[in-house]
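All residue numbers for the sequence shown refer to the numbering used here, where the first residue is 2 and numbers rise by one.
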Amino acid sequence: PRRNVLKMSQTEEARTPETTEPEHGERRLGFGALFSRHVISARYADGVWSGTELLDFDDLRMSPAAMVMHYGQAIFEGLKAFRADQRTVLIFRAADCATRFDRSATRMGMPPLPPGLFVDAVTRLISADAAEVPSSPGSAIYIRPVMFADEPSLAVRPSTEFRFLVLASPVDSFFASGRTMIDAYAQRSHIRAALGGTGDVKCAGNYAGAMAAKTEAMSRGCDEVLWLDAVEHRFLEEFGAMNCFVVQGSGASAELITPPLTGTILPGHTRATVINLAQRRGIAVREAPIALDEVLDPDGMISEVFACGTAAGVAPVRTIVTDAGRTRTFGHRPGPITAGLAADYTALVHGALAAEPDWIIRI
Ligand code: PLP
Ligand code: COI
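Here it is, written out as structure tokens:
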């Protein structure tokens, strides 16, 4: 049985409890609760990948000994397709996701996909389910390619069998609160990633290790964890599912700063896109360490903070709360730089602003 599948023709009864009703009466899709009709599947065994199949979205059969359930060999990607108009859907940065997926596979001792398979699979799924790409403001279809070890064995070594799936979920607001400005929780009891670890790839374990901190963040009324560096717990790394930017100064002298990709941070495509959009606006961008102390100083130079990622888009930060009880609120409306970049990002992904070559596949 397909669960929580949204058919565009039967919207009301297909909604799940995770979807809520905001005050203005419009129903939300939420994030990742509803799935489109199809799924792409391929399998790796005996050293070769099968071709892809387009299947109905359905439960899988797996051995209780499937290695992913014991040792966690699993990677994933996240990208979106957006509606440009009634007949056109745009898939954003699929080729970049394919490259990152390969990097994640290599880091996790998993076989890379044959060249072209990732992009073909994503394109095939979205072509089949194009009618399920929503059109309301802030909505998209979130595409989730995933690869996991499914050899039935408890041996502690890389699996020799894997499955690759692509599923898709019509989404709007990423945050359970439905908020568009977020509150972030900076804590020092856990770390996300250290040098030599897996922080710069997209493996499932990175998210598993972050869940307890996320629970703590939510218990303090926050939307996300703001991760600090693993060594000194002083510098901003990234949010649980998004990269991080701050604005230093204001007006013509405003500068955008984001932590450098030193090996512990996921190199986000939204991060790269935001850097590109800022440069188009003539805003100076710098990659440099950002001290939490400076961010929290209300008399300091930092005037705006925002998070960015595929799932969340450009998400302005309203408040940062720390485990030591320090708090800074940046404002209840996005700052001018954040608002401008968020608007540019939305225009870009919906095809209203020119994209760089290879960023967009048109369906
Ligand atoms: N950082 C983490 C930990 C993420 O999970 C994501 C989401 O993919 C990002 C950053 C942003 O990456 P992207 O912009 O490629 O979605
Ligand atoms: C994405 O933006 O694709 C993410 O990885 C966030 C996610 C873990 C839901």
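By construction, the Cβ of each residue, glycine as well, lies at the ideal position given by its N, Cα and C atoms.
For the putative contact between residue i and residue j, defined by C-beta atoms under 8 Å, what is the C-beta separation to the nearest angstrom?
i       : j       : result
Ala-211 : Tyr-186 : Rounded, the Cβ-Cβ distance is 12 Å, inconsistent with contact.
Ala-231 : Thr-265 : 7 Å
Lys-203 : Phe-77  : 6 Å
Leu-91  : Arg-363 : 6 Å
Ser-170 : Tyr-143 : 5 Å
Gly-336 : Ser-304 : 6 Å
Under 7 Å between the Cβ atoms of residue i and residue j?
i       : j       : result
Phe-165 : Met-148 : yes
Val-318 : Ile-183 : yes
Glu-238 : Pro-261 : no
Ala-82  : Ile-127 : yes
Leu-30  : Val-172 : yes
Pro-115 : Asp-103 : no
His-270 : Asp-97  : yes
Thr-320 : Thr-330 : yes
Asp-130 : His-71  : no
Gly-110 : Ala-312 : no
Met-68  : Ser-160 : yes
Gln-286 : Leu-257 : According to the sequence provided, residue 286 is Val. The question's Gln does not apply to it. Yes, the pair counts as a contact, with Cβ atoms nearer than the cut-off.
Phe-246 : Ala-292 : no
Phe-36  : Leu-168 : yes
Cys-309 : Val-275 : yes
Gly-250 : Val-226 : no
Val-123 : Ala-95  : yes
Ala-150 : Val-120 : no
Ala-85  : Pro-153 : no
Ala-46  : Glu-162 : yes
Leu-342 : Leu-267 : no
Would you mind sorting residue i into buried or exposed? The rule is 16 or more other CB atoms within 10 Å of its CB.
i       : result
Val-248 : buried
Glu-357 : exposed
Ser-52  : The sequence shown places Gly at residue 52, not Ser. Result: exposed.
Pro-146 : buried
Val-315 : buried
Tyr-346 : buried
Arg-281 : exposed
His-25  : At His-25 the pLDDT is 46, less than 50, meaning the model places this residue with poor confidence and gives no usable figure here.
Pro-138 : exposed
Ser-254 : exposed
Gln-365 : Here the chain has residues from 2 to 364 only, and residue 365 is not among them.
Arg-101 : buried
Thr-263 : exposed
Gln-74  : buried
Glu-233 : exposed
Thr-21  : Note that Thr-21 has pLDDT 47, beneath the 50 cutoff, so the model's placement of it is unreliable and the number below is only indicative. So Thr-21 ends up on the exposed side.
Ala-355 : exposed
Glu-61  : Per the sequence presented here, residue 61 reads as Leu, with Glu not at that position. Exposed, by the Cβ-count rule.
Gly-200 : buried
Leu-349 : buried
Ala-325 : exposed
Arg-193 : buried
Ser-220 : exposed
Going by the C-beta, is residue i closer than 6 Å to any heavy atom of ligand 1?
i       : result
Gly-277 : Before going further, note that residue 277 is Asn rather than Gly in the sequence given. False, no ligand heavy atom lies under 6 Å from that Cβ.
Met-148 : no
Ala-75  : no
Thr-339 : no
Leu-267 : yes
Glu-54  : no
His-270 : yes
Glu-239 : yes
Are there any heavy atoms of ligand 2 lying less than 6 Å away from the beta-carbon of residue i, as far as the coordinates show?
i       : result
Ala-312 : yes
Gly-79  : yes
Ala-356 : no
Ala-214 : no
Ala-194 : no
Ala-169 : no
Ala-255 : no
Ala-242 : yes
Legend entry - beta strand (DSSP E) runs contained entirely in the region 182 to 211, provided each spans 3 or more residues: Within the region 182 to 211, the runs of beta strand (DSSP E) at least 3 residues long that lie entirely inside it are, in chain order, 183 to 187.
Legend entry - Inside the region 69 to 136 only - alpha helix (DSSP H) runs reaching at least 4 residues: Counting whole runs of 4 or more residues, the region 69 to 136 contains the alpha helix (DSSP H) stretches 69 to 72, 95 to 108, 118 to 129.
Legend entry - Minimum length 3: unbroken beta strand (DSSP E) runs contained in the region 305 to 354: DSSP runs (the beta strand (DSSP E)) wholly in the region 305 to 354: 314 to 323, 328 to 330.
Legend entry - Minimum length 4: unbroken alpha helix (DSSP H) runs contained in the region 260 to 313: Taken in chain order, the complete alpha helix (DSSP H) segments of 4 residues or longer contained in the region 260 to 313 are 270 to 281, 293 to 297.
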